[in-house]
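Mapping of the sequence shown onto numbering that gives the first Met the number 0: position 242 corresponds to residue 241, and the numbering continues sequentially without gaps.
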Amino acid sequence: MNLYHGSLYWPTTLKEIETFPTITENETCDVLIIGAGMSGALLTYKLAKEPLKVITVDKGKVGHGSSSANTGLLQYSNDKMLTDFAEEIGEEDAVRFYRLCLEGMNELKEVAYSLSDYIQFKSRKSLYYASVKKDVSSLKKEFDMLKKHHFPAEYLIEEEIYSEYKFKKPAAIRTIGDAEVNPQRFVMTLFKDAHKHNNVHVYEQTEVFESDYKDGYWYFTTANGHTITARKVVYATGYEIKHFTKKNHAELNRTYAIATSPLDNFPNWQEQCLIWETKRPYFYMRTTFDGRIVAGGLDEEKMEAPTDMNMIKTYGERILTRVKEHFHYEDLKVDYVYGATFGESSDGLPFIGEHPEKEGIYYCLGFGGNGTVYSSFGSTIIKDLIMKGSHPDAYLTRIDR
């Protein structure tokens with residue numbers, strides 16, 4: 000399926016596009032990772048440091064699926080608030096899940112600063128504001144629970160928001176410890192660095208099909224007739240979910256995003272924090288290393304990415320209008336606009352863990368509005384399941400929940 004349509008910004012920031020070979024012979028490995036997006040990249044990078052032979056394959060080009068349409072906002076907060084999780088799964092598990100997200104954020108920072116190339120990673124705060132006055136009480140309740148459990152956050156009233164940002168909103172939570180990144184450069188650099196290890200092989204334009212399980216090994220055939228034999232297999236296929244059934248309550252929707260013309264500076268945008276809101280579907284925006292604004296929203300409950308460019312451009316202008324409602328950058332224009340598919344789960348949690356019926360088959364699917372952070376801690380969970388046989392938090396994201 001086509002995960003996006005329109006003009007993408009991130010590919011224009013790549014100095015050169017790293018290419019990887021197509022598989023040309025039968026292979027045997029300890030771990031086969033299917034999917035070369037964000038989850039596959041982080042898994043490959045982490046497993047490269049273990050005494051394992053790792054093969055990663057993608058049916059398309061490495062890093063050119065949903066990663067090229069990712070908007071690169073990295074936050075420990077979720078589309079679903081901590082208080083909402085607490086009501087559904089209990090406060091203890093809700094806090095543990097948010098703690099996983101915070102740990103995932105911190106690990107992303109460590110990884111980002113250890114890579115060989117600059118990936119335009121920048122630590123930021125996030126401003127999460129009440130879209131309307133009736134949302135203030137739930138926002139304050141959320142802040143109280145965040146502070147109760149020592150998450151880094153502060154509460155702003157209307158006067159404080161206006162003083163710092165010069166737009167009016169009734170209240171906001173400002174979280175600390177978030178970040179922005181160029182997601183495509185991140186993925187490509189993760190693979191580039193992992194590929195330097197002799198135990199790692201990355202193949203693109205290599206589609207694989209599960210064919211057999213025998214004597215503790217999984218057998219996969221490729222579209223060109225070769226066989227990959229693996230002890231462990233991880234599906235990191237992102238929103239390409241043909242191997243994932245509807246019984247898991249996963250669904251695909253579509254969203255829209257823009258990258259604007261560049262600005263020399265951002266008046267009134269304090270510290271260029273990430274900005275989003277309580278309204279659903281929500282509007283969000285961030286800045287880029289070259290002075291652009293990436294913004295998006297207007298989500299729809301439709302599975303396929305839109306194909307009508309006139310419609311996509313209309314949505315882009317609507318998003319630009321929302322940007323200008325916050326900051327009066329009158330000369331700002333839309334340079335890039337696209338519509339894309341993204342995945343969600345009914346309970347707001349990602350799908351990370353071992354298949355309940357197939358030993359040695361794992362999933363690392365970052366469904367939800369916090370996909371990169373899910374990929375971060377999810378890749379650690381999968382690594383521990385493979386290397387140690389368990390992870391203390393795996394029950395939270397198990398496949399058969």
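Glycine is no exception: its CB is placed at the ideal position from the N, C-alpha and C atoms.
Please read these numbers as outputs of a predicted model, since none were measured by experiment.
Residue from the options whose Cα sits closest to the Cα of residue i
i, options, result
"tryptophan 217", "Glu206, Val233, Gln204", "Val233"
"aspartate 383", "Gly359, Tyr335, Leu319", "Gly359"
"asparagine 264", "Phe219, Phe288, Phe208, Ala47", "Phe288"
"alanine 193", "Val333, Thr55, Met386", "Thr55"
"tyrosine 97", "Glu106, Asp116, Gln204, Tyr75", "Tyr75"
"valine 30", "Thr43, Pro266, Thr12", "Thr43"
"proline 391", "Lys167, Arg95, Arg279", "Arg95"
"aspartate 298", "Gly338, Asn309, Leu273, Thr259", "Gly338"
"isoleucine 381", "Gly367, Gly352, Ile398", "Gly352"
"alanine 222", "Arg230, Gln204, Asp214, Ala229", "Gln204"
"threonine 259", "Ser374, Asp214, Tyr335, Asn309", "Tyr335"
"arginine 400", "Lys312, Thr23, Leu331, Gly347", "Gly347"
"phenylalanine 366", "Glu90, Ile398, Gly315, Leu126", "Ile398"
"isoleucine 123", "Gly176, Thr12, Phe326", "Note that residue 123 corresponds to arginine in the displayed sequence, not to isoleucine. When only C-alpha atoms are compared, the closest one is Gly176."
"phenylalanine 219", "Asn25, His4, Gly237, Pro355", "Asn25"
"lysine 332", "Leu145, Thr313, Glu343", "Thr313"
Proximal residues to residue i (C-beta, below 6 Å), its chain only, five neighbours per side dropped
i, result
"glycine 62", "Gln183, Val186, Met187"
"lysine 246", "With a pLDDT of 47 at lysine 246, under the threshold of 50, the predicted position of this residue should be treated as unreliable, though the coordinate-derived value follows. Excluding sequence neighbours, lysine 246 sits near nothing in its chain."
"alanine 294", "Ile257, Met284, Ile318, Val322"
"lysine 191", "Glu17"
"glutamate 157", "Pro169"
"glycine 39", "Ile32, Thr55, Ala235"
"lysine 60", "Glu203"
"leucine 189", "Ala40, Tyr44"
Opening and closing residue of the beta strand (DSSP E) in which residue i lies
i, result
"valine 53", "53 to 56"
"leucine 364", "360 to 364"
"lysine 231", "226 to 234"
"isoleucine 398", "That residue, isoleucine 398, is in no beta strand (DSSP E); it is neither H nor E in DSSP."
"phenylalanine 350", "350 to 353"
"isoleucine 33", "26 to 33"
Same chain, Cβ closer than 7 Å to residue i, five either side skipped, listed in chain order
i, result
"isoleucine 88", "none"
"glutamate 300", "Asn252"
"asparagine 198", "Ala47, Leu51, Lys52, Val53"
"tryptophan 9", "Ser67, Asn181, Pro182, Gln183"
"leucine 73", "Met104, Leu107, Asp177, Ala178, Glu179, Val180, Thr371, Val372"
Buried versus exposed call for residue i [16 or more other C-beta atoms within 10 Å across all chains shown]
i, result
"valine 131", "exposed"
"alanine 68", "buried"
"glycine 290", "exposed"
"histidine 149", "exposed"
"tyrosine 328", "buried"
"glutamate 15", "exposed"
"asparagine 181", "buried"
"asparagine 77", "buried"
"tyrosine 117", "exposed"
"threonine 70", "buried"
"glycine 296", "buried"
"methionine 37", "buried"
"proline 261", "exposed"
"glutamate 141", "buried"
"aspartate 143", "exposed"
"methionine 104", "buried"
"proline 355", "exposed"
"aspartate 476", "The displayed coordinates of the chain run from 0 to 400. Any statement about residue 476 would go beyond what the structure contains."
"glutamine 119", "buried"
For residue i, the residue or residues it bridges with in DSSP
i, result
"threonine 259", "Val333"
"tyrosine 112", "Paired residues: none, contrary to the question."
"serine 76", "Serine 76 is not bridged to any residue."
"tryptophan 275", "Tyr127, Tyr283"
"isoleucine 118", "Bridge partners of isoleucine 118: none, in fact."
"valine 199", "Val53"
"arginine 253", "Glu299, Thr340"
"histidine 4", "Gly338"
"phenylalanine 219", "Glu209, Ile227"
"glutamate 153", "Arg173"
"isoleucine 311", "The partner list for isoleucine 311 (beta bridge, DSSP) is empty, contrary to what the question assumes."
Spatial neighbours of residue i in its chain, beta-carbon cut-off 8 Å, leaving aside the 5 residues before and after
i, result
"threonine 244", "For threonine 244, the predicted model reports a pLDDT of 45, less than 50, meaning its position is unreliable and no value from the coordinates is stated."
"lysine 357", "Tyr212"
"aspartate 92", "Phe84, Leu395"
"valine 135", "Ala129, Pro169, Ala170"
Min CB distance residue i to chain B below 8 Å
i, result
"glycine 352", "Going by chain labels, chain B is absent from the structure shown, which holds only one protein chain."
Residue i, enclosing alpha helix (DSSP H) - first and last residue
i, result
"isoleucine 160", "157 to 164"
"isoleucine 175", "Unbroken run through isoleucine 175 is the beta strand (DSSP E), 170 to 179; no alpha helix (DSSP H)."
"valine 135", "135 to 147"
"tyrosine 373", "370 to 386"
"valine 207", "Valine 207 -> not in any alpha helix (DSSP H); beta strand (DSSP E) instead, spanning 207 to 213."
"isoleucine 185", "Note that residue 185 corresponds to phenylalanine in the displayed sequence, not to isoleucine. Here the alpha helix (DSSP H) through phenylalanine 185 covers 182 to 193."
"alanine 85", "81 to 88"
"leucine 13", "Per DSSP, leucine 13 belongs to no alpha helix (DSSP H) and is neither H nor E."
The ligand SAH heavy atom lying under 7 Å from the CB of residue i
i, result
"tryptophan 268", "Although the ligand SAH was asked about, the structure shown includes no ligands whatsoever."
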